[in-house]
Amino acid sequence: MNERLIFVTNDDGYSSRGMEAAIEVARRFGRVVVIAPETVQSGMSQAITMYNPLYLRRIPREDGVEMYALNGTPVDCVKMAFDHLLREERVDLVLSGINHGSNSAVNVLYSGTMGAAIEGSFYGCPAIGLSLCDHSADADFAAAVHYCTEIVRSVVEGGVSTPLCLNVNVPVGGVDSLAGVRVCRQNRGFWREEFYRHQDPRGREYYWLTGDFVNAEPESEDTDEWALAHGYVSVVPVHVDLTDYARLDDLRRVLK
Numbered sequence: 001m002n003e004r005l006i007f008v009t010n011d012d013g014y015s016s017r018g019m020e021a022a023i024e025v026a027r028r029f030g031r032v033v034v035i036a037p038e039t040v041q042s043g044m045s046q047a048i049t050m051y052n053p054l055y056l057r058r059i060p061r062e063d064g065v066e067m068y069a070l071n072g073t074p075v076d077c078v079k080m081a082f083d084h085l086l087r088e089e090r091v092d093l094v095l096s097g098i099n100h101g102s103n104s105a106v107n108v109l110y111s112g113t114m115g116a117a118i119e120g121s122f123y124g125c126p127a128i129g130l131s132l133c134d135h136s137a138d139a140d141f142a143a144a145v146h147y148c149t150e151i152v153r154s155v156v157e158g159g160v161s162t163p164l165c166l167n168v169n170v171p172v173g174g175v176d177s178l179a180g181v182r183v184c185r186q187n188r189g190f191w192r193e194e195f196y197r198h199q200d201p202r203g204r205e206y207y208w209l210t211g212d213f214v215n216a217e218p219e220s221e222d223t224d225e226w227a228l229a230h231g232y233v234s235v236v237p238v239h240v241d242l243t244d245y246a247r248l249d250d251l252r253r254v255l256k
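Take a look at the structure:
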């Protein structure tokens with residue numbers, strides 16, 4: 001039996017701690033090839049680079065992991081892997097992450113981590129976006145590595161049908177303090193942004209974006225937000241069909 005080929009990327013940059021945590025998970029399941037952005041690409045969603053050249057450079061490592069840095073987006077990294085670097089090989093699994101910060105609820109639409117995972121699923125192999133709900137520079141990835149390893153094992157050994165894309169979020173806490181894994185649905189909610197206005201030393205106005213997440217269904221117990229708030233690792237299966245099927249008949253009636 002051929003060794004599995006695991007492709008890994010993220011949106012925090014090739015040198016991030018979450019990248020190393022994802023590699024730690026991936027190495028348990030096969031040969032690892034990494035293409036990740038040169039710099040942080042958070043919030044890039046499905047963005048691709050069309051009007052600037054892309055530069056791919058090899059990052060020397062001594063652990064057998066084949067790593068490259070790309071001056072593009074997370075989705076650029078996936079396309080570079082499947083359509084160029086690994087074009088003649090079969091990729092068995094795509095891992096994207098482990099991201100600093102949650103990608104639950106509507107964040108799945110903004111996330112570069114999930115953008116890469118979704119893109120990976122287009123190539124017909126399982127793809128998993130991995131996130132830890134901790135933005136701190138010294139975040140502890142131990143629980144994320146533990147639970148992500150178990151989830152990856154279940155996917156690669158459990159015969160789950162493809163294409164498959166999972167959005168996995170791990171709450172803050174130690175391995176023994178978390179409640180376990182919970183398969184759930186995406187929470188309905190939205191962000192309400194606020195722009196803070198400032199002036200630079202030359203008197204020019206500039207803005208910093210901030211905001212708060214509004215949970216539209218805080219009492220629902222089958223969502224990723226509820227799971228994370230109660231100490232569970234949330235696992236949401238994701239697909240890209242954005243059709244609002246409930247509105248089809250109404251629109252057919254109105255738009256004759």
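Per our numbering, the sequence shown runs over residues 1 to 256. Don't be surprised by glycine CBs; every beta carbon is placed ideally from N, CA and C. All values reported here derive from a predicted model rather than from experimental measurement.
Judged by pairs of C-beta atoms under 8 Å, the region 128-135 does not touch the region 62-69, as fewer than three such pairs exist. In the structure shown, Asn-167 falls within a strand segment according to DSSP collapsed to helix, strand and coil. Nearest C-alpha to Val-235 among Met-114, Ala-47, Val-78 and Arg-4: Met-114.
In this structure, the straight-line span from the alpha carbon of Thr-243 to that of Leu-251 is close to 12 Å. Judged by their CB atoms, Gly-13 and Ala-36 are nearer to each other than the 8 Å cut-off. Annotation for Thr-39: Gly-13 place their beta carbon closer than 6 Å to its own, counting only its chain and skipping 5 residues before and after. Within the same chain, Val-8, Ala-22, Ala-26 and Ile-128 come within 6 Å of Leu-95 by CB-CB distance, once the 5 residues on both sides are set aside. In its chain, beyond the 5 residues on either side, no residue has a beta carbon closer than 7 Å to the beta carbon of Asp-140. The beta carbon of Asn-71 sits closer than 7 Å to those of Glu-38, Leu-54 and Tyr-55, all from its chain and outside the five residues before and after it, given in chain order.
Residue pairing of Ser-96 in beta bridges, as defined by DSSP: Thr-9 and Gly-129.
It is roughly 6 Å from the alpha-carbon of Pro-171 to the alpha-carbon of Val-233. Sequence-distant partners of Ala-227 (beyond 5 residues in either direction) whose C-beta falls short of 7 Å from its own C-beta, in its chain, are Arg-182, Cys-184 and Ser-234.
In its chain, beyond the 5 residues on either side, Glu-205, Tyr-206, Tyr-207 and Trp-208 have a beta carbon closer than 8 Å to the beta carbon of His-198. Per DSSP, the continuous beta strand (DSSP E) segment holding Glu-205 begins and ends at 205-215.
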